[in-house]
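**Q** Residue numbers (the numbering used here): 103 to 276.
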Amino acid sequence: MREDAASGLTSMGPKRHGPAMSAEHPANRFMQMALEEAQAAAARGEVPVGAVIVSAEGEVLARAGNRTLEDRDPTAHAEMLVIRQACAVLGSERLIDCDLYVTLEPCPMCAGAISYARIRRLYFGADDPKSGGVEHGARVFSRPTCHHAPEVYGGIDAATSTTLLQGFFAARRG
Ligand SMILES: [Zn+2]
Numbered sequence: 103m104r105e106d107a108a109s110g111l112t113s114m115g116p117k118r119h120g121p122a123m124s125a126e127h128p129a130n131r132f133m134q135m136a137l138e139e140a141q142a143a144a145a146r147g148e149v150p151v152g153a154v155i156v157s158a159e160g161e162v163l164a165r166a167g168n169r170t171l172e173d174r175d176p177t178a179h180a181e182m183l184v185i186r187q188a189c190a191v192l193g194s195e196r197l198i199d200c201d202l203y204v205t206l207e208p209c210p211m212c213a214g215a216i217s218y219a220r221i222r223r224l225y226f227g228a229d230d231p232k233s234g235g236v237e238h239g240a241r242v243f244s245r246p247t248c249h250h251a252p253e254v255y256g257g258i259d260a261a262t263s264t265t266l267l268q269g270f271f272a273a274r275r276g
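1) Determine the contact status of residue 258 and residue 166, defining contact as a CB-CB distance below 7 Å.
2) Is the beta carbon of residue 238 within less than 6 Å of some heavy atom of ligand 1?
3) Quick check on residue 230: buried or exposed, where buried means 16 or more other Cβ atoms within 10 Å of its Cβ?
4) With burial defined as no fewer than 16 other Cβ atoms inside 10 Å of the residue's Cβ, what is the status of residue 150: buried or exposed?
5) If we ignore side chains and look at the alpha-carbon of each, how far apart do residue 73 and residue 267 end up?
6) Which word fits residue 208, buried or exposed, when buried means at least 16 other C-beta atoms lie within 10 angstroms of its C-beta?
7) Quick check on DSSP: helix, strand or coil for residue 145?
8) Does at least one heavy atom of ligand 1 sit under 6 Å from the Cβ of residue 212?
9) Would the beta-carbon of residue 248 be found less than 6 Å away from any heavy atom of ligand 1?
10) Does the distance from the CB of residue 178 to the CB of residue 152 come in under 7 Å?
11) List the endpoints of the continuous beta strand (DSSP E) containing residue 205.
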């Protein structure tokens, strides 16, 4: 078991789920920022998912919401956008010691990119049994072909993320 000295969280490895966290925990602040990006995405008619990348020093390097419609780009998921932005900021193809916050469990594509970027910790909000690739489906980080798995903390402010997504899809159906 590793001890995360900075946050007081413990991780059993790559698949720890649902840590109990105080309201003052920095993870909640960054997830709040990711939720703001998700809300902004919804306002643009995009699926409301938002992401933030934070450096080891706690500096926000990138923040974005889904932009697949606007960019006409099926890879323009929030996670892909923040990884590209943060790499540009750092001038590196690797995001060693950086943490990624995203409001929904990443899909297999984004989980792959998170691994290639060498992200240190992944914090996500709601589970995505339908399209997720971390706790569901492909379970990318658990495969022998995965050469870097981040520490994973799921279920952070999951209810807010779920409410946003449900509201968005209900409005589209209505
Ligand atoms: Zn994705």
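For each residue, glycine too, the CB sits at the ideal point set by N, CA and C.
Just so we're clear, the structure is a prediction, and the values are computed from it rather than from any experiment.
**A** With the structure as the only source:
1) Residue numbering aside, residue 258 sits at position 156 when the sequence shown is read from its first letter. Residue numbering aside, residue 166 sits at position 64 when the sequence shown is read from its first letter. Not in contact: residue 258 and residue 166 (Cβ atoms no closer than 7 Å).
2) Taking the first residue of the sequence shown as 1, we reach residue 238 at position 136. No, the beta carbon of residue 238 sits no closer than 6 Å to any heavy atom of ligand 1.
3) Along the sequence shown, read from residue 1 onward, the residue named residue 230 stands at position 128. Flag for residue 230 reads buried.
4) Here residue 150 corresponds to residue number 48 of the sequence shown, with the count starting at 1. Counting Cβ neighbours within 10 Å, residue 150 comes out buried, since at least 16 surround it.
5) No answer is possible for residue 73: it lies beyond the span of the chain, which begins at 103 and ends at 276.
6) On the sequence shown, position 106 is the one that residue 208 refers to. With 16 or more Cβ atoms within 10 Å of its Cβ, residue 208 is classed as buried.
7) Within the sequence shown, residue 145 is the residue found at index 43, counting from 1. Three-state DSSP puts residue 145 in a helix.
8) Taking the sequence shown and counting its residues from 1, the one referred to as residue 212 is at position 110. Yes, since a heavy atom of ligand 1 falls inside the 6 Å radius drawn around the Cβ of residue 212.
9) Working through the sequence shown from its first residue, we reach residue 248 at position 146. Because no heavy atom of ligand 1 lies under 6 Å away, the Cβ of residue 248 does not count as near it: no.
10) Looking up residue 178 in the sequence shown gives position 76. Looking up residue 152 in the sequence shown gives position 50. Contact: no.
11) Numbered from its first residue, the sequence shown carries residue 205 at position 103. Counted as a single uninterrupted DSSP element, the beta strand (DSSP E) harbouring residue 205 occupies residues 201-206.
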